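Working notes for the structure below.
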Amino acid sequence: MLYQVLHNFSSLLITVKSMKLKIVFSVALLVCLGLTEQAFAVNQQDLEQLKTAGSCPRCDLSGADLTQMSLVRANLRGANLKGAILSQANLASADLTGANLEAALLDFANLTGASLTGANLKSASLTNANLSFAGLISTNLEATNFQDANLQLTNFRGAHFRLTTLANGAVTSDKPYDWSLERTTASECHKFKTANVPGTTCSSN
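Using this note's numbering, the first residue of the sequence shown is number 12, and each one after it goes up by one.
This is the structure in structure tokens:
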């Protein structure tokens with residue numbers, strides 16, 4: 012009889028401990044999910060401003076879905092577009108000076124004549140994007156993907172290249188270096204040349 016009572020009591024303690032662990036785990040999971048949702052939450056006010064005015068300088072548009080949006084000549088200077096989806100967006104002549112486009116998706120986007128001077132394009136994807144006549148002066152292009160992009164007369168003066176995938180699929184060195192256009196031909200400039208991009212002469216600094 013005593014053994015049975017002790018056994019039941021022990022089972023009860025185990026059940027209570029198990030329930031406490033489940034509660035603690037559930038609370039922790041909810042907190043993590045809440046923090047994750049908050050981290051990726053889009054600033055609706057800034058997003059609405061962009062949709063209404065067509066421009067939003069220094070706005071927080073991180074993680075925003077701007078697929079196929081028309082942003083011709085949009086003022087996005089200093090905007091935070093980290094992780095934003097801009098696939099097939101029309102950004103012709105847009106001002107993205109100093110914008111943060113880290114890990115942004117710009118596949119098939121039209122960036123003809125756009126200004127990306129001093130912008131951060133680290134780990135961004137621009138496959139099949141049109142960057143003809145665009146200015147990427149002093150732009151961070153570390154791990155940026157330009158596979159099959161149109162880089163005709165794109166200005167890369169002082170741009171930071173490291174593990175950058177060029178239009179022809181060639182990947183630049185893992186050592187950071189800058190390329191400057193409108194100068195003499197650099198040792199790796201043939202990678203641009205083989206990508207059939209006229210007007211892109213460069214020299215390593």
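For each residue, glycine too, the CB sits at the ideal point set by N, CA and C. Keep in mind it's a predicted model, so treat the numbers as computed, not measured.
Closest to residue i by CA distance: which of the options is it?
i    : options                   : result
N86  : S126, S98, L142 and A75   : S126
A5   : A103, Q99 and A140        : The displayed coordinates of the chain run from 12 to 216. Any statement about residue 5 would go beyond what the structure contains.
D106 : T175, S136, F172 and N121 : N121
T108 : S98, L92 and F119         : L92
L72  : V53, A114, S136 and S149  : V53
L147 : F157, Q60, G169 and L61   : G169
S104 : T78, L116, S66 and I96    : S66
A115 : T165, L152 and R173       : L152
F167 : D76, A130 and Q56         : A130
Q163 : T176, T123, S184 and T138 : T123
A110 : I96, N101, P68 and A100   : P68
I96  : Q158, E59 and D118        : D118
T183 : A160, N161, T155 and T165 : T155
D1   : A145, T138 and V83        : Any question about residue 1 goes unanswered here, given that the chain covers just 12 to 216.
G74  : S81, D57 and V83          : D57
D76  : C70, G94 and V83          : G94
C70  : V83, Q60 and L102         : Q60
T78  : R84, A100 and A90         : A100
Less than 7 angstroms between CB atoms is the rule here; does residue i satisfy it with respect to chain B?
i    : result
S184 : Absent here is chain B; the protein component of the structure consists of one chain.
Helix, strand or coil for residue i, going by three-state DSSP, please let me know.
i    : result
T176 : strand
D71  : strand
D76  : strand
A170 : strand
Q60  : helix
Count the other CB atoms within 10 Å of the CB of residue i; is the residue buried (16 or more) or exposed (fewer)?
i    : result
G180 : exposed
K133 : buried
R88  : buried
C43  : Note that C43 has pLDDT 48, beneath the 50 cutoff, so the model's placement of it is unreliable and the number below is only indicative. That one is exposed.
T63  : exposed
E113 : buried
S136 : buried
S98  : buried
S143 : buried
Within the present structure, is the beta-carbon of residue i separated from the nearest heavy atom of the ligand ATP by less than 6 angstroms?
i   : result
K93 : Inclusion of the ligand ATP in the displayed structure is not the case, the ligand content being empty and no account of it being possible.
task: Could you pull out every unbroken alpha helix (DSSP H) segment of at least 4 residues lying fully inside the stretch 83–159, listed in chain order?
output: none
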